[in-house]
Amino acid sequence: MPPSDRRRRLAWLIAGRAIAVTVLLGSGLLVEINAPGRLPIGPFSTLVGLTYALTAVYALTIRVAERKPWLVDVQLAIDAAVVTALIAVTGGVTSYFSLLYVLLIIAAASLQRGRGALAVAVLSSVLYAGVGVLQYQGLWPGVWLSAEPLILPPPRAAFYAIAVNVFAFLAVAALARSLAENLRRTGARLERASKTIEDLQAFNQDVIDSLTSGLVTTDVSGRVLSLNRAAEEILGVPSHRLIERDIGEALQLPEEVRREIAGDLGGRRSRRAEFFYHRADGAEIEIGMAAAHLLAPDGRAGFLITFQDVTEMKRLERDARLKQRLAAVGEMAAGMAHEIRNPLASMAGSVQVLREELPLSPEQADLLEIVLRESRRLNETIRGFLSYARPQPTSTKRLDLRTAVTETARLLRNGGETGPGHEVVTDLPPDPVWYEADEGQVRQVLWNLSTNGLRAMPSGGRLVLTARGAAGGGAVLEVADEGVGIPPEQLDRIFQPFHGTFARGSGLGLAIVHRIVSEYGGEIQVTSGEVGTVFTVRLPARASSSTPLTAGS
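Under our numbering, residues 657 to 1209 are what the sequence shown spells out, in order.
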């Protein structure tokens, strides 16, 4: 028996003992008033007072008895002795107080289970039978202390009374033992069932609190009864501020949704809605909600509201639709550009022939040269646009980025973009920088960034190309110039198509670089001041089909 349960039962035993003694005292006083001399009031009162004193001692030592169960046995034995003394001074085998043994047996069964009940029953039987034997053997002439003479029943009748009482004691002990055992088993089953229910309730609560969707229950009138943790996080309001509030006010539902909930969902099983919710922190979020009937065994008990913050999902849907429209526009524009390119080439070729075969004045020759130059420029713009809008198929392989940087620097030194004051250098590590990519795309990224840097240095300057491995895998390409720099207000727009700031070029070079790097899952960092700009391309680690590759391996 747990200590707390034993202490509670001990408290009940002490209280029951006090009540029983009080009842005995009151009944004794009534008998003495109605029939003076009927009871030995002196010894009777002494035993009652002794019992009161013992009860007080038991109450003061209840904590000790709680820790030491054998003290409970001592209390029961003392109680049996006091009851025996009470029986002895009130007539022995003719006393009406023999039933007090039964109360002791029941108390023992409650405190000490079956073992205690049987032990107290045997002790009570021995003490009760001993009183009878002493009476009839004349070994205790002062047993009856009343003024009136005691008339004993015949020995056979006394023996029968003793046997009946002893049988009753043992029968009560057996019954109490059985009931106590059944009570113990029932209590154990109840405790297991309670524990199971508590675990199930805790599990259900954990499941509800683990939901990423908000969950709110209401009564039939729409008053909030409960909500889970996700609902608090989405709404930004603690639960105690929403309980008992109307669901329409709590969720800021549109008026038509409130009317449908008030109208029992219009006879439908559920109702879905999307609306905007203004949080207490000032943020506005978009919520997708579903309302359904909360069903109980006896019918509808209210409403079950589930909702989610769909702000990000809606944004992604809008972005996807926008990208689809832009892709369609891009495809159409690419087709138009391709169709323009063919007649443009024919026109440029015709003008070239006319310039060579016809006698032209200097002014006419200049005009035709302008036409040819602008045709070439327009053709370059269309070529760059087609390269941006229609990426070519790629072929990835393992390559050393140092080789791509070295060859690109060599081409730049001998290309038309490099002037007399330009210096193109490389800064490369001694070990290979392996990366899995399309070599043509890597060269295009380096070329576009480098030509952009050279154009930013019209009076000459130093251009540095770098390749190195990145921490955790991947690679880093870097192109640094000493040019005019990029104004801060233009940094966010430099990768937009046709946003070129130089006289030469189509304005698509950086846009193509951004598209290629994005396809690899990388990022471009631009650092620019009044003098000089650094483009840093960070490429993430990529796994080969056969061997994992990381920069610097």
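No residue lacks a Cβ here, since even glycine has one placed at the ideal position from N, Cα and C.
- Beta-carbon to beta-carbon, Thr-740 and Val-776 are separated by about 12 Å, too far to satisfy the 8 Å threshold.
- For the 8 Å CB-CB criterion, Asp-1056 and Val-1009 do not form a contact.
- CA-CA distance, Tyr-1091 to Trp-1103, rounds to 18 Å.
- For Ala-1131 and Arg-1124, the gap between their C-alpha atoms comes out near 6 Å.
- In the three-state scheme derived from DSSP, where H, G and I count as helix and E and B as strand, Tyr-752 is classed as helix.
- DSSP places His-934 in the uninterrupted beta strand (DSSP E) bounded by 926–934.
- Checking the DSSP bridge columns, you'll see Leu-1133 partnered with Ala-1123 and Val-1193.
- Look at Phe-1151 here: in three-state DSSP terms it is coil, with no helix or strand label.
- Contact between Leu-909 and Leu-898 does not hold, since their C-beta atoms are separated by about 13 Å, which reaches or exceeds 8 Å.
- A check of alpha carbon separations from Phe-963 across Gly-772, Val-1140 and Thr-868 identifies Thr-868 as the nearest.
- When secondary structure is reduced to three states using DSSP, Ala-948 falls in the strand class.
- Under the 10 Å beta carbon count, Val-1081 is surrounded by fewer than 16 other beta carbons and is classified as exposed.
- DSSP, reduced to helix, strand and coil, places Ser-1184 within a strand of the structure shown.
- Its chain contains Val-872 and Ala-947 as the residues whose beta carbon lies nearer than 6 Å to that of Ile-961, once the 5 sequence neighbours on both sides are disregarded; these appear in chain order.
- The beta carbons of Thr-1189 and Gly-1139 sit closer together than 8 Å.
- Residue Glu-1073 holds the alpha-carbon nearest to the alpha-carbon of Pro-1114 among Phe-1151, Gln-1152, Pro-1085 and Glu-1073.
- For Arg-885, the CB contacts under 7 Å within the same chain, skipping 5 residues up- and downstream, are Asp-865 in chain order.
- Under the three-state reduction of DSSP output, Lys-724 falls in the coil class, being neither helix nor strand.
- Within 10 angstroms of the beta-carbon of Asp-1083 lie fewer than 16 other beta-carbons, which makes it exposed.
- Nearest to Leu-779 by C-alpha distance, out of Phe-753, Val-789, Leu-755 and Ala-736, is Ala-736.
- Counting along the chain, Asp-862 sits inside the alpha helix (DSSP H) bounded by residues 811–866.
- Straight across, the Cα-Cα distance linking Ala-744 with Ser-751 is about 8 Å.
- For Arg-1069, there is no enclosing beta strand (DSSP E); the residue is part of the alpha helix (DSSP H) that begins and ends at 1057–1069.
- When beta bridges are read from the DSSP output, Asp-965 appears opposite Ile-943.
- When DSSP reads this structure, Asp-1083 sits in a beta bridge with Thr-1122.
- Per DSSP, the continuous beta strand (DSSP E) segment holding Leu-871 begins and ends at 870–874.
- C-alpha of Gly-1096 to C-alpha of Leu-1166: approximately 16 Å in a straight line.
- If you draw a 10 Å sphere on the C-beta of Gly-922, you find fewer than 16 other C-beta atoms in it, and that means exposed.
- Within the same chain, Leu-710 come within 7 Å of Ile-734 by CB-CB distance, once the 5 residues on both sides are set aside.
- Where Glu-1092 is concerned, there is no enclosing alpha helix (DSSP H), although the beta strand (DSSP E) around it starts and stops at 1090–1094.
- In the DSSP assignment, Ser-882 falls within the unbroken beta strand (DSSP E) covering 880–883.
- Within a 10 Å sphere around the beta-carbon of Asn-860 sit fewer than 16 other beta-carbons, which makes this residue exposed.
- As the crow flies, the alpha-carbon of Glu-916 is around 12 Å from that of Phe-959.
- Contact between Gly-1116 and Gly-1075 holds: their C-beta atoms lie close to 6 Å from each other, under 8 Å.
- Going by DSSP, His-1170 is part of the alpha helix (DSSP H) stretching over 1165–1175.
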